[in-house]
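One structure is given below, encoded as structure tokens.
There are 2 protein chains.
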Amino acid sequence: MRTVTIQDIAREAGVGKSTVSRVINGTGYVHADTVVKVKDVMTKYNYQPSAAARSLSKKESDTIGLILPEVNNPFFADILKGVSQMVDKCGYTLILCGSDNEAAKEARALEAMRRQRVKGLIIVPANDYSNETAHAHMEKLLRELGCPLVVLDRPMLRMDFDSVTTDNFSGAYSATEALIRAGHKRIGIIAGDLNLFIGRERYEGYCKAMEQNGLAVDPHYVVLGKFDRQITYEKMRQAIRANQLPTAYFISNNLSEMGFLTAIHEARLSVPDDIAFVGFDKLQGQDIFNVPYSHLEREVLTLGSKAAQLLFRRFDNPERPVEKIVIVPRVKLLGSELLVTRAEG
Amino acid sequence: MRTVTIQDIAREAGVGKSTVSRVINGTGYVHADTVVKVKDVMTKYNYQPSAAARSLSKKESDTIGLILPEVNNPFFADILKGVSQMVDKCGYTLILCGSDNEAAKEARALEAMRRQRVKGLIIVPANDYSNETAHAHMEKLLRELGCPLVVLDRPMLRMDFDSVTTDNFSGAYSATEALIRAGHKRIGIIAGDLNLFIGRERYEGYCKAMEQNGLAVDPHYVVLGKFDRQITYEKMRQAIRANQLPTAYFISNNLSEMGFLTAIHEARLSVPDDIAFVGFDKLQGQDIFNVPYSHLEREVLTLGSKAAQLLFRRFDNPERPVEKIVIVPRVKLLGSELLVTRAEG
DNA sequence: CCTTCGTGTGGGAACGCTCCCACATTTGGA
DNA sequence: TCCAAATGTGGGAGCGTTCCCACACGAAGG
Numbered sequence: 001m002r003t004v005t006i007q008d009i010a011r012e013a014g015v016g017k018s019t020v021s022r023v024i025n026g027t028g029y030v031h032a033d034t035v036v037k038v039k040d041v042m043t044k045y046n047y048q049p050s051a052a053a054r055s056l057s058k059k060e061s062d063t064i065g066l067i068l069p070e071v072n073n074p075f076f077a078d079i080l081k082g083v084s085q086m087v088d089k090c091g092y093t094l095i096l097c098g099s100d101n102e103a104a105k106e107a108r109a110l111e112a113m114r115r116q117r118v119k120g121l122i123i124v125p126a127n128d129y130s131n132e133t134a135h136a137h138m139e140k141l142l143r144e145l146g147c148p149l150v151v152l153d154r155p156m157l158r159m160d161f162d163s164v165t166t167d168n169f170s171g172a173y174s175a176t177e178a179l180i181r182a183g184h185k186r187i188g189i190i191a192g193d194l195n196l197f198i199g200r201e202r203y204e205g206y207c208k209a210m211e212q213n214g215l216a217v218d219p220h221y222v223v224l225g226k227f228d229r230q231i232t233y234e235k236m237r238q239a240i241r242a243n244q245l246p247t248a249y250f251i252s253n254n255l256s257e258m259g260f261l262t263a264i265h266e267a268r269l270s271v272p273d274d275i276a277f278v279g280f281d282k283l284q285g286q287d288i289f290n291v292p293y294s295h296l297e298r299e300v301l302t303l304g305s306k307a308a309q310l311l312f313r314r315f316d317n318p319e320r321p322v323e324k325i326v327i328v329p330r331v332k333l334l335g336s337e338l339l340v341t342r343a344e345g
Numbered sequence: 001m002r003t004v005t006i007q008d009i010a011r012e013a014g015v016g017k018s019t020v021s022r023v024i025n026g027t028g029y030v031h032a033d034t035v036v037k038v039k040d041v042m043t044k045y046n047y048q049p050s051a052a053a054r055s056l057s058k059k060e061s062d063t064i065g066l067i068l069p070e071v072n073n074p075f076f077a078d079i080l081k082g083v084s085q086m087v088d089k090c091g092y093t094l095i096l097c098g099s100d101n102e103a104a105k106e107a108r109a110l111e112a113m114r115r116q117r118v119k120g121l122i123i124v125p126a127n128d129y130s131n132e133t134a135h136a137h138m139e140k141l142l143r144e145l146g147c148p149l150v151v152l153d154r155p156m157l158r159m160d161f162d163s164v165t166t167d168n169f170s171g172a173y174s175a176t177e178a179l180i181r182a183g184h185k186r187i188g189i190i191a192g193d194l195n196l197f198i199g200r201e202r203y204e205g206y207c208k209a210m211e212q213n214g215l216a217v218d219p220h221y222v223v224l225g226k227f228d229r230q231i232t233y234e235k236m237r238q239a240i241r242a243n244q245l246p247t248a249y250f251i252s253n254n255l256s257e258m259g260f261l262t263a264i265h266e267a268r269l270s271v272p273d274d275i276a277f278v279g280f281d282k283l284q285g286q287d288i289f290n291v292p293y294s295h296l297e298r299e300v301l302t303l304g305s306k307a308a309q310l311l312f313r314r315f316d317n318p319e320r321p322v323e324k325i326v327i328v329p330r331v332k333l334l335g336s337e338l339l340v341t342r343a344e345g
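Protein sequence lines correspond, in order, to chains A and B.
Going by this note's numbering, the first sequence opens with residue 1, and the numbers climb by one from there.
Going by this note's numbering, the second sequence opens with residue 1, and the numbers climb by one from there.
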């Protein structure tokens with residue numbers, strides 16, 4: 001039971017394969033009657049043209065590659081959804097690879113994408129390659145790709161690629177400022193991994209907001225959670241036991257937030273009476289509990305679909321100038337009034 | 001700047017393209033020196049063979065298709081992770097499509113998979129096709145695929161395909177039984193969509209456990225949440241307002257659980273003192289709150305990787321008998337002692 | 001009337017691989 | 001010593017498309 005080819009369809013319909021090709025692609029002149037006849041035969045044999053043969057012949061595939069650090073992290077899953085929907089809507093096929101945040105796996109994924117001759121690639125880099133050598137290596141890999149590329153979420157320094165990223169600095173700044181406006185003076189930060197670009201940006205946004213408002217950053221209130229749930233949990237336990245808590249925290253990401261909350265609940269501290277906070281991105285299902293879990297909100301699905309759109313726009317016009325879209329997260333206060341009551345002198 | 005082909009490599013290395021092909025695939029006889037020479041040239045030119053040309057020639061691709069109802073639902077995201085890792089590990093490339101739980105989109109995804117000539121397909125059906133016509137149509141589509149297939153999570157009746165599914169009946173049964181053993185007599189159910197197979201199975205498991213233990217199913221305690229968060233929330237509000245609560249619930253899935261908890265917290269009821277429950281699948285981050293959120297646990301990542309393994313085993317031996325793996329979820333009680341205190345006379 | 005253009009159609013080369021076959025060289029056993 | 005097997009290599013057909021070119025026909029314009 002061989003798979004049916006364009007030749008089979010042509011023979012059955014009594015036409016040449018060129019005509020069938022024209023019907024499939026809707027190109028050139030074909031008599032209306034012929035179109036009907038050919039389409040009938042295609043339906044009858046349930047024919048689907050081979051993408052491999054087509055892309056070999058056209059020297060161009062209809063696939064879009066996507067490389068994500070972790071496919072089941074809710075944040076990346078949302079990005080995936082956004083990309084997937086847009087890719088699907090525009091008639092492309094999605095090839096997905098996970099890098100598990102490892103440069104080696106990422107390199108392998110890039111090789112797979114090259115073998116597949118993807119028409120375009122969207123990548124959330126495995127890390128931010130702030131190290132010069134690693135950065136140069138990655139840059140080389142991306143250049144070698146030979147297809148349009150969109151860098152998503154994690155910025156790559158100095159790279160003139162299209163990108164969709166978040167304004168981490170201003171996000172952290174406005175989150176911290178919101179706490180200050182609510183009357184807090186002693187504000188801490190659960191910092192992320194300061195070796196990562198986004199970790200530093202968020203830290204600096206926090207510092208700047210403090211400084212601008214005449215508040216000092218107290219090193220005792222800086223918790224190095226490294227974007228990790230377990231680490232954050234342990235550091236927070238320490239801080240609680242040492243009785244070294246500020247009145248509020250800016251928390252650098254959702255995983256740290258989970259570690260933070262676990263420690264807080266364990267110690268039977270209540271939010272925001274004992275401790276207030278604003279987190280970067282919301283926790284899934286946080287709204288179940290009628291507790292004021294303020295956070296920075298960004299349209300994550302939109303991140304993904306915008307990246308895909310950027311790619312398609314580059315297909316249409318390869319010469320257009322590099323476009324860097326920056327998403328500014330908004331502060332969403334779910335318990336602002338409670339925050340105010342916590343204000344100190 | 002053309003992409004470099006096997007011919008280019010052959011010319012540069014001073015050998016025939018057949019030899020290069022043998023080096024790439026590690027087949028046949030090639031002199032050790034020649035291997036080194038060819039590999040050097042490939043590295044130098046950063047050559048990657050075209051997957052399209054290869055699969056056209058071999059009449060077989062190295063891609064695996066995956067169709068999921070919702071890519072950003074944490075449950076399916078975990079499945080995706082499991083599949084992705086296994087597919088990657090075995091040197092295949094993953095093509096992903098989302099069906100958004102719509103039969104039409106699913107059919108389009110299947111067409112894409114056929115065009116891509118995927119070597120195998122893993123599918124979580126958009127719905128359970130309990131309707132005869134819909135079922136027959138879907139069955140036809142799957143048969144036409146012409147490649148090995150694994151049905152995942154949602155069983156398709158009467159279909160002799162390899163599959164990995166959950167024993168929903170016994171899961172619901174043991175969850176209900178756990179509540180009974182904890183001393184509860186008045187036990188309700190947040191039922192899922194009873195038009196869906198898994199919804200019915202879970203409902204029947206609950207009924208059976210009640211019956212076997214001499215307890216009656218009180219229709220007042222049957223909440224039809226349809227696996228939907230909002231619907232469950234509203235129905236629960238009603239039940240609370242009408243003061244028609246059992247002492248415990250079996251909850252059919254994680255979305256219902258979210259709706260349930262929202263209503264419970266809103267009414268300031270506490271778990272498990274006012275109301276106890278066991279849910280199907282755990283809520284992400286539920287362990288943040290030191291509250292006894294008992295649930296049915298299943299290794300979701302494993303679901304995905306097992307499906308991939310099943311597929312690969314069928315590649316190795318197309319004639320092997322159909323294998324149906326059934327995962328039995330385990331009851332995980334996080335507050336069993338508290339449940340007991342709630343026991344009635 | 002012949003030419004030109006618009007419309008409709010078919011054949012063949014090319015895309016970059018794999019795999020079969022042909023052939024050359026070396027090795028080893030009778 | 002000779003022949004067969006093992007080792008090593010290259011060429012060409014074929015995979016299923018697209019696309020260029022050739023061609024056929026009728027209508028319109030000179």
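Just so you know, even glycine gets a beta-carbon here, dropped at the ideal spot from N, CA and C.
Check: Report the CB separation of alanine 51 of chain A from arginine 117 of chain B in whole angstroms; it is logged as a contact under 8 Å.; Outcome: 7 Å
Check: Based on DSSP bridge pairs, tell me the residues matched to phenylalanine 280 of chain B.; Outcome: B:Leu296
Check: With C-beta atoms as the reference, is serine 256 of chain B less than 8 Å away from isoleucine 190 of chain B?; Outcome: yes
Check: Could you tell me the alpha carbon to alpha carbon distance between threonine 5 of chain B and arginine 22 of chain B, rounded to whole angstroms?; Outcome: 15 Å
Check: Whole-angstrom Cβ separation of histidine 295 of chain B and valine 322 of chain B, contact assumed at under 8 Å?; Outcome: The Cβ separation is near 31 Å, so there is no contact.
Check: For proline 272 of chain B, count the other beta carbons within 10 Å of its own beta carbon; 16 or more makes it buried, fewer makes it exposed. Which is it?; Outcome: buried
Check: Would you say the region 176-193 of chain B touches the region 238-247 of chain B, given that touching needs at least three Cβ pairs under 8 Å?; Outcome: yes
Check: Lysine 119 of chain A and isoleucine 64 of chain A - do their beta-carbons sit closer together than 8 Å?; Outcome: yes
Check: For glutamate 211 of chain B, does the count of other Cβ atoms within 10 angstroms reach 16, so buried, or fall short, so exposed?; Outcome: exposed
Check: Kindly indicate the opening and closing residues of the alpha helix (DSSP H) around arginine 330 of chain B.; Outcome: First-last for arginine 330 of chain B: 330-332, but that is the beta strand (DSSP E), not the alpha helix (DSSP H).
Check: In whole angstroms, give me the CA-to-CA distance for aspartate 228 of chain A and glycine 192 of chain A.; Outcome: 8 Å
Check: Where alanine 13 of chain A and valine 41 of chain A are concerned, what is the direct C-alpha to C-alpha distance, given to the nearest angstrom?; Outcome: 6 Å
Check: Tell me where the alpha helix (DSSP H) around glycine 82 of chain A begins and ends.; Outcome: 74-89
Check: Could you check whether aspartate 78 of chain B and valine 328 of chain B sit closer than 8 Å to each other, using their CB atoms as the reference points?; Outcome: no
Check: Cutting at 6 Å between CB atoms, please list the residues of its own chain near leucine 152 of chain B, excluding the five before and the five after it.; Outcome: Ile122, Val124, Val164 and Ala307
Check: If we require 4 or more residues per run, which alpha helix (DSSP H) segments fall completely within the region 108-150 of chain A?; Outcome: 132-145
Check: Which class does isoleucine 67 of chain A belong to by DSSP, given the choice of helix, strand or coil?; Outcome: strand
Check: Run the CB neighbour count on serine 99 of chain A, radius 10 Å, all protein chains shown included, and call it buried at 16 or more, exposed below.; Outcome: buried
Check: Restricting to Cα atoms, I'd like to know which of B:Glu102, B:Ala103, B:Ala126 and B:Cys97 is closest to alanine 112 of chain B.; Outcome: B:Cys97
Check: Under 8 Å, Cβ to Cβ, is there at least one residue of chain A near aspartate 8 of chain B?; Outcome: no
Check: Looking only at DSSP bridge pairs, what is glycine 188 of chain B linked to?; Outcome: B:Tyr249
Check: List, in order along the chain, the chain B residues whose C-beta lies closer than 8 Å to that of serine 55 of chain A?; Outcome: Ala52
Check: May I have the straight-line CA-CA distance separating isoleucine 95 of chain A from tyrosine 45 of chain B, to the nearest angstrom?; Outcome: 25 Å
Check: Can you tell me the Cβ-Cβ gap for alanine 126 of chain A and proline 74 of chain A, rounded? I've got them flagged as a contact below 8 Å.; Outcome: Not quite, the Cβ-Cβ distance comes to about 18 Å (not below 8 Å), so this is no contact.
Check: What number of angstroms, rounded off, separates the C-alpha of arginine 54 of chain A from the C-alpha of arginine 114 of chain A?; Outcome: 17 Å
Check: Taking CB distances under 8 Å as the criterion, tell me whether leucine 338 of chain B reaches chain A.; Outcome: With a pLDDT of 49 at leucine 338 of chain B, under the threshold of 50, the modelled position of this residue cannot be trusted; read the value that follows with caution. So no, leucine 338 of chain B is outside the interface.
Check: Assuming glycine 259 of chain A and glutamine 284 of chain A are in contact, meaning their beta carbons sit under 8 Å apart, how far apart are those beta carbons, in whole angstroms?; Outcome: At roughly 15 Å, the Cβ-Cβ gap does not stay under 8 Å, so glycine 259 of chain A and glutamine 284 of chain A are not in contact.
Check: Any C-beta of chain B sitting closer than 8 Å to the C-beta of isoleucine 190 of chain A?; Outcome: no
Check: Kindly list the residues whose CB is nearer than 6 Å to the CB of leucine 224 of chain A, restricted to its own chain and excluding five residues on each side of it in sequence; keep chain order.; Outcome: Ala191
Check: What's the C-alpha gap between glycine 171 of chain B and arginine 298 of chain B?; Outcome: 10 Å
Check: Would you check if the distance between the CB atom of proline 89 of chain A and the CB atom of glycine 304 of chain A is smaller than 8 Å?; Outcome: In the sequence on display, residue 89 of chain A carries lysine and not proline. Result no, Cβ atoms of lysine 89 of chain A and glycine 304 of chain A do not sit closer than 8 Å.
Check: Give the residues of chain A in contact with asparagine 72 of chain B, contact being defined as C-beta atoms less than 7 Å apart.; Outcome: Ala77, Asp78, Leu80 and Lys81
Check: Nearest-angstrom Cα distance between leucine 310 of chain B and aspartate 160 of chain B?; Outcome: 14 Å
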